[in-house]
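Residue numbers for the sequence shown follow our numbering, beginning at 4 and rising by one.
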Amino acid sequence: MKHFLILALLLINVLPARGALLTGDSAPKVKVRDLKGAQFVVPDSLRGKVSVILFWSVGCSSCLEEMPAMEALYREYQRKGLAIVAVNVGQTREIVREAISGRGISYPILLDADNKMTESYDVAGVPRTVILDRNGIVRFKIIGSVPGSKLKKLFQSLM
């Protein structure tokens, strides 16, 4: 009995938390709004494309520093089947608009005002990047900033 209890405790510590989003899982379906107020359904709106989902916040300087590199990759690979969306975590439309103003961002900026997408995608902090394959399957989860060169290699491996 003692060995069973020890084994059970070890498994609890090793197994992922219930509901944790894992590599190989189907991306959770979540409805959010873009800056214009239009509904955007993830992953349905991204289906058929290799998709980079960047979770960010206005107060995260490394998040804002990543955006120009993301924009360059988006412009280079959009026609080849790459989608990039930046999901703002819990801030108002006005604050987000002001933060990205003048940055030349052309990929969709999404608002997760109620944090439902953040919770569904198991995001504990920003920046956080999730890369989906063309079928909406989670292939990579990255905590922290991602150099453009690394990101490029990751999504090219899925194209």
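C-beta atoms are modelled at their ideal positions from N, C-alpha and C, and glycine is treated no differently.
What's the gap between the Cα of Gly47 and the Cα of Glu69?
Gly is not the amino acid found at residue 47; the sequence shown has Asp there. Whole-angstrom Cα-Cα distance: 25 Å.
What are the residues that DSSP puts in a beta bridge with Asp47?
Partner(s): none; Asp47 has no beta bridge.
So the candidates are Gly51, Arg50, Lys34; which of them puts its Cα closest to the Cα of Phe43?
Lys34
Tell whether a beta-carbon distance below 7 Å holds between Ile87 and Val133.
Between Ile87 and Val133, the CB-CB gap reaches or exceeds 7 Å.
Grab the span of the beta strand (DSSP E) containing Ala89 for me, first residue to last.
From DSSP, the beta strand (DSSP E) with Ala89 extends over 85-92.
Indicate the three-state DSSP secondary structure (helix, strand or coil) for Ile103 in the structure shown.
helix
Rounded to whole angstroms, what is the Cα-Cα separation between Ser65 and Arg131?
11 Å
Would you list the one or two residues that DSSP bridges to Arg36?
Gln42, Leu114
On the criterion of 16 or more Cβ atoms from any shown chain inside 10 Å, does Ala89 qualify as buried, or is it exposed?
buried
Leaving out five residues on either side along the sequence, give the residues of the same chain with a beta carbon under 6 Å from the beta carbon of Tyr77.
Taking C-beta separations shorter than 6 Å and ignoring five residues to either side along the sequence, the partners of Tyr77 in its chain run Ile87, Tyr110, following chain order.
What whole-angstrom Cβ distance do Arg142 and Thr26 have, given they're in contact under 8 Å?
6 Å
At which residues does the alpha helix (DSSP H) containing Arg78 begin and terminate?
64-80
Can you check DSSP and say which residues form a bridge with Val149?
Answer is none; Val149 lacks a bridge partner.
Please report the straight-line C-alpha distance between Val45 and Lys32, rounded to a whole angstrom.
5 Å
Taking all protein chains shown into account, do 16 or more other C-beta atoms lie within 10 angstroms of the C-beta of Gly62, making it buried, or fewer, making it exposed?
exposed
Below 7 Å CB to CB, which residues in the same chain sit around Thr121 once its five sequence neighbours on both sides are set aside?
Phe58, Val92, Asp115
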